[in-house]
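Asks: Numbers 681 to 1098, taken from my numbering, label the letters of the sequence shown in order. For each residue, glycine too, the CB sits at the ideal point set by N, CA and C. It should be emphasised that the depicted structure is a prediction, and the values quoted were computed from it without experimental measurement.
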Amino acid sequence: MTTLLKTTCGRPLIPTKGEGSVFTILTAYASAPPVAVFKLTADFRSDSDSRKPWVLPVVKKVEQMIANDNSLNHEYLPILGLPEFRASSSRIALGDDSPAFKEDRVGGVQSLGGTGALRIGAEFLRRWYNGTNNTATPIYISDPSWENHNAVFMDAGFKDIRAYHYWDAAKRGLDLDGFLKDLENAPEFSIFVLHACAHNPTGTDPTPDEWKKIAEVMKRKSLFPFFDSAYQGFASGNLDKDAWAVRQFVSQGFELFCAQSFSKNFGLYNERVGNLTVVGKDSDNVARVLSQMEKIVRTTWSNPPSQGARIVATTLNTPELFDEWRANVKTMADRVLLMRAELKSRLEALKTPGTWNHIVNQIGMFSYTGLNPKQVEYLIKEKHIYLMASGRINMCGLTTKNLDYVAQSIYEAVTKIH
Ligand SMILES: Cc1ncc(COP(=O)(O)O)c(C=O)c1O
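Here is the structure:
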């Protein structure tokens, strides 16, 4: 007798013959697809045309200081993380003179990257936001967004995840009217995930005036802002400018969350260093929120790793290192701005069909080029240029050495493949 275990899509999973066959119980019904951006990185690494990412000089310096500091050890950190890291992280998000600090209503949770901060915040909201069971509370995520947002909130137990209008493909810019309409029509107390700056993947942010309009509707409708700040400093080269939206919301009296990642602006991708900044109504409420978050962290990762948090805390809390870091961040941001301008001018010089202003109007690491999936496939297979199927390119991969090649390849993709 032949036994076939079927997958949900009807394919045989483990064909076994004869009696006495043993099935493994740890078998999935279907393989999960690879995470696109990690697959892209793996493909890039296995390509012979590889290059090395930059380690920030200030990070190298602080790593040496940490290695030489005999007072440090490998004991567990507190569940909520390194206190000096949490405090300094929240300070760069909200600004030293934030009314929320003066009123003692800010808390922080060290987390495993920005993803961890989003997940802990999402878990808390599902359990405790505005009542105790929020599985039906709508979560609004921009269309498009970083692909993990949906999954993080879904895995935290939210059942009603909706998209809000954000990107106007025709004008290759923000669809403010659509966005405001979605805010107006959202049920009271809905939760909105907002990109603090350098929107991923479109590279398009609201202007300060547009943010004010967004905040006005959100306040009137009692909508909860959950900021995702993965690129502070990376967008404009200026930490304060890139935190403008978050600070504006705080100045308007919002209670909010801000998930901070130090992966990009410190180049600490594999150290998993992030912080969830909580701005509450008053210090008692913040203390209660943190006590619940402590319970969530305890069963999630128990307590966070120290190396990345020590690097960030030492840098942020030492004036000369802080200045050096800001200069390093500005170097990265300026280089991206320069690459944008150079790519645009090369595409135009080649008379590449279409308009390319969006390359310089967009901001941050990413650009939504408007290339279609076939053109993307052509660039990867024929030209060894790696970008997402959505046409999103990582501007950090561009250098003065490869600009001509990339522009010429995009020209060929656009003219040859439709
Ligand atoms: C918008 C956004 N949020 C969060 C993250 C996650 O950051 P981390 O790697 O620190 O978890 C990313 C990373 O790409 C991102 O683009």
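1) For GLY698, does the count of other Cβ atoms within 10 angstroms reach 16, so buried, or fall short, so exposed?
2) If I measure Cβ to Cβ from LYS1096 and keep anything under 8 angstroms in the same chain, skipping five residues before and after, which residues do I get?
3) In the DSSP output, which residue or residues are listed as bridge partners for ILE821?
4) Say the cut is 8 angstroms; is the CB of LEU792 nearer than that to a heavy atom of ligand 1?
5) From ALA1021, VAL1009, LEU863, pick the residue whose C-alpha is nearest to that of VAL735; which is it?
6) Could you give the first and the last residue of the continuous beta strand (DSSP E) run that contains HIS875?
7) Does DSSP put LYS1081 in a helix, in a strand, or in coil?
8) Taking LEU863 and VAL897 to be in contact with their CB atoms under 8 angstroms, please state how far apart those CB atoms are, rounded to whole angstroms.
9) Which term fits GLY933, buried or exposed, when burial requires 16 or more other beta carbons within 10 angstroms of its beta carbon?
10) Taking THR957 as the reference, give the member of GLY793, PRO737, ASP749, SER751 with the closest Cα.
11) Within the same chain, show all residues whose beta-carbon is closer than 6 angstroms to that of HIS845, passing over the 5 residues directly before and after it, in chain order.
12) Report the start-end ranges of each beta strand (DSSP E) in the region 880–964 that is 3 residues or longer and not cut off at the edges.
13) At a cut of 8 angstroms, does the region 945–964 reach the region 1070–1082 through at least three beta carbon pairs?
14) Between the region 752–772 and the region 984–997, do at least 3 Cβ pairs fall closer than 8 angstroms?
15) Assess, as a yes-or-no matter, whether the region 1012–1028 is touched by the region 832–843 under the definition of 3 or more beta carbon pairs within less than 8 angstroms.
16) Compute the Euclidean distance between the alpha carbons of SER825 and ARG799, then round it to the nearest angstrom.
17) Heavy atom of ligand 1 less than 8 angstroms from the Cβ of SER943, yes or no?
18) For THR995, count the other beta carbons within 10 Å of its own beta carbon; 16 or more makes it buried, fewer makes it exposed. Which is it?
19) For ARG807 and ASN813, I'd like the C-alpha separation in whole angstroms.
20) Run the CB neighbour count on GLY954, radius 10 Å, all protein chains shown included, and call it buried at 16 or more, exposed below.
21) How about the region 871–878 and the region 901–908: do they share at least three Cβ pairs that are nearer than 8 angstroms?
22) Measuring only from the beta carbon, is TYR1048 closer than 8 angstroms to any heavy atom that is part of ligand 1?
23) Would you say the beta carbon of HIS875 comes nearer than 8 angstroms to a heavy atom of ligand 1?
24) Is DSSP giving VAL789 helix, strand or coil here?
25) Just to check my reading of the structure: SER916 and ASP922 have Cβ atoms closer than 8 angstroms, yes? What is that Cβ distance to the nearest angstrom?
26) Between LEU798 and ligand 1, is there a pair consisting of the residue's CB and a ligand heavy atom that are separated by less than 8 angstroms?
27) How about ARG842 and LEU919: do their beta carbons lie closer than 9 angstroms?
28) Decide if the region 879–888 is in contact with the region 1046–1054; the criterion is three or more beta carbon pairs, one per stretch, under 8 angstroms apart.
29) Comparing the CB of GLY954 with every heavy atom of ligand 1, is any distance shorter than 8 angstroms?
Replies: The relevant details are as follows:
1) Per-residue confidence for GLY698 stands at a pLDDT of 48, beneath the threshold of 50, marking its modelled position as unreliable; no derived number is given.
2) TYR1058
3) ALA843
4) yes
5) VAL1009
6) 871–875
7) coil
8) 4 angstroms
9) exposed
10) GLY793
11) ASP855, GLY858, PHE859, ASP862
12) 904–909, 936–941, 954–959
13) no
14) yes
15) no
16) 16 angstroms
17) yes
18) buried
19) 6 angstroms
20) buried
21) yes
22) no
23) yes
24) strand
25) 6 angstroms
26) yes
27) no
28) yes
29) yes
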